[in-house]
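Visitor: My questions all concern the structure below.
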Amino acid sequence: MSEGILPKRKRGSVTVFVMIFFVTLVSMIFIFIDVSKKIAVNGSTEALASIWGNSILAEYDLNLQKRYNIFGFYGFPSDVNEKLNFYAKESFEEKKYIDYEGASSSLYAYSLANADVMKKQIVKAGKLAATEKFIKPSKEIEAASESASAAIRSKLVLSNLPSAGSTKGITTSKISDMLKDADSFGDVMTKAGDELFENQYIFAYFKDRSNTRDLGKTFFQNEIEYIICGKSSDTANANSIRNKIITVREGLNFVYLNKDPQKSAAALAAAQLLTPGPAAIATQKALLAAWALAESVNDYKLLVNNHKVPVMKNEATWAIDLDSVISNTSDEYVYTGVDQGQTYEDFLSLFIYVMDERVRLLRIMDLIQINMKYLYYSTFLLREYSAGLRFQMMVNGVEHVVVKEY
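Dropping the structure here:
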């Protein structure tokens, strides 16, 4: 009897085993399908989110890009969220297996009002400016209105400039000390890297008193002078640059006069005639200082009339005689006929070089905002434009984070 039951039990065990195996297999298939679906949904979501981010970046302002080679799109996080929700609705609405729970974006870290964000783009554009790939800034513009100039001069608009509150200046006396043993500015302008490309950007996209660079209409004519001085008018910036150049030249010219035995002796002889006795030495120093100043004023006049001035003078390049200083008869500039040394733009480049980098960047940003406001949109503000975005969205309970930059 037991021998007949045993085969039946074996067959029953096999049946149970087969059923368990089948149920397990079916379960694994369903799990595999579910996992595959999640992987597919996650992959599709990541791909779509990347495309949506690129679509938002593609809305960059063409005028800003053509004029300054700066990429930035207008908008606030709420605008970006609205666009992302629209893209998601169009993509997911008919897919019942996708549960889209919304998107949230952040633009703060990518604002064009952030000097570090602007620096990245300025450096990139500066690198291009030094190559054959450089595309000249567009000047095909229309002025916003005649009243725009007056509006920009107002305290309200000037207070909205990126550099508002940044007043760090240049110490010109230190520049004279830097140069007294140099043959050219190149001997002291040794920094490379980003600051070099920032300088190239400035001299490609902005005017100065001696060179308009065929940039067309702009609010300031002395734009590079503005970057250096930060004054609210062309006249004020021109005067400030004049004073800086004269101060630098005065220190160098005074050093030369004290080293030149003939000129020092001439100043002492004149001093003894003017104030005989012990006071002659003090008068000599005063005459040398006045002589150095007169030569420096002449140096400035030479520079703005497209002549060159050497770092340290010699007999051939010294222009003003002592009699002219004493009688104060030198009204026009004196040209020695020797045209060697540094140009007006070389001095601008030197001042740019010694500036605080952050102040330099902020004033570049000022000019971009002023001209965009003056020439294109009267309400333009850099802080309302972004060079990238970060957003996260929830799909089927999974958070997806996307970061996009130009």
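Residue numbers (our numbering): 5 to 410.
Ideal Cβ placement from N, Cα and C applies to all residues, glycine included.
Computed from a predicted structure; not experimentally measured.
Looking at the unbroken alpha helix (DSSP H) that takes in Lys267, where does it start and where does it end?
Guide: By 1-based counting over the sequence shown, the position of residue 267 is 263. Its alpha helix (DSSP H) spans residues 265 to 278.
Visitor: Could you please give me the residues that DSSP links to His404 through a beta bridge?
Guide: Sequence index remark: in the sequence shown, residue 404 carries index 400 (1-based). Met397, per the DSSP bridge assignment.
Visitor: Out of Cys233, Asp238, Gly220, state which residue places its alpha-carbon closest to the alpha-carbon of Asn226.
Guide: Taking the sequence shown and counting its residues from 1, the one referred to as residue 226 is at position 222. Considering only alpha carbons, the answer is Asp238.
Visitor: With a threshold of 16 other CB atoms inside 10 Å of the CB of Gln266, please say whether the residue is buried or exposed.
Guide: In the sequence shown, the residue the question calls residue 266 occupies position 262. Gln266 is exposed by the Cβ-count criterion.
Visitor: For the segment 336 to 348 against the segment 315 to 328, are there 3 or more C-beta pairs whose distance is under 8 Å?
Guide: Yes, they touch.
Visitor: Suppose contacts are defined by Cβ-Cβ distances below 8 Å. Is Ala3 in contact with Met397 by that definition?
Guide: Outside the displayed span of the chain (5 to 410) sits residue 3, for which this structure offers no information.
Visitor: Taking 8 Å as the threshold (C-beta atoms), are Thr176 and Lys248 in contact?
Guide: Walking along the sequence shown from the start, residue 248 turns up at place 244. Walking along the sequence shown from the start, residue 176 turns up at place 172. Closer than 8 Å, so yes.
Visitor: Once the 5 residues before and after Gly76 are set aside, which same chain residues still bring their CB inside 7 Å of it?
Guide: If you number the sequence shown from 1, residue 76 lands on position 72. Tyr64, Asp65, Leu68, Leu116, Tyr389, Ser390, Ala391, listed in sequence order.
Visitor: Determine the extent of the beta strand (DSSP E) in which Leu104 is found, giving its start and end residues.
Guide: Stepping through the sequence shown from its first residue, residue 104 is reached at position 100. Reading off the sequence, residue 104 comes out as Tyr, not Leu. Looking at the DSSP string, the run of the beta strand (DSSP E) that includes Tyr104 is 104 to 110.
Visitor: Just how far apart, CA to CA, sit Thr194 and Glu349?
Guide: In the sequence shown, counting from the first residue as 1, residue 194 sits at position 190. In the sequence shown, counting from the first residue as 1, residue 349 sits at position 345. Rounded to whole angstroms, Thr194 to Glu349 spans 17 Å at the Cα level.
Visitor: DSSP state of Asn257, grouped into three classes?
Guide: As a first step, residue 257 must be located in the sequence shown, where it is residue number 253. Correct three-state label for Asn257: helix.
Visitor: Are at least three pairs of beta-carbons, each pair with one atom in the segment 301 to 310 and one in the segment 267 to 280, less than 8 Å apart?
Guide: Because the criterion of three Cβ pairs below 8 Å is not met, the segment 301 to 310 and the segment 267 to 280 do not touch.
Visitor: On the three-state DSSP scale, how would you describe Asn375?
Guide: Numbered from 1 along the sequence shown, position 371 holds the residue referred to as residue 375. Three-state DSSP puts Asn375 in a helix.
Visitor: When the Cα atoms are used, what is the spatial distance from Ala269 to Thr251?
Guide: For the purposes of this step, residue 269 is identified with residue 265 of the sequence shown, where counting begins at 1. For the purposes of this step, residue 251 is identified with residue 247 of the sequence shown, where counting begins at 1. Those two C-alpha atoms are separated by around 24 Å.
Visitor: Answer with buried or exposed for Pro314, where buried requires no fewer than 16 other C-beta atoms within 10 angstroms of its C-beta.
Guide: Walking along the sequence shown from the start, residue 314 turns up at place 310. Its Cβ being crowded by 16 or more others within 10 Å, Pro314 is buried.
Visitor: Any idea which residues DSSP pairs Val313 with across the strands?
Guide: As a first step, residue 313 must be located in the sequence shown, where it is residue number 309. Paired residues: Gln346.
Visitor: Does the distance from the CB of Asp218 to the CB of Ile228 come in under 8 Å?
Guide: Taking the first residue of the sequence shown as position 1, residue 218 is located at position 214. Taking the first residue of the sequence shown as position 1, residue 228 is located at position 224. No.
Visitor: For Phe351, which of helix, strand or coil comes out of DSSP?
Guide: Numbered from its first residue, the sequence shown carries residue 351 at position 347. Helix, per DSSP.
Visitor: Quick check on the DSSP output: the alpha helix (DSSP H) that includes Tyr304 runs from which residue to which?
Guide: Locating residue 304 in the sequence shown gives position 300, where the first residue counts as 1. Looking at the DSSP string, the run of the alpha helix (DSSP H) that includes Tyr304 is 283 to 308.
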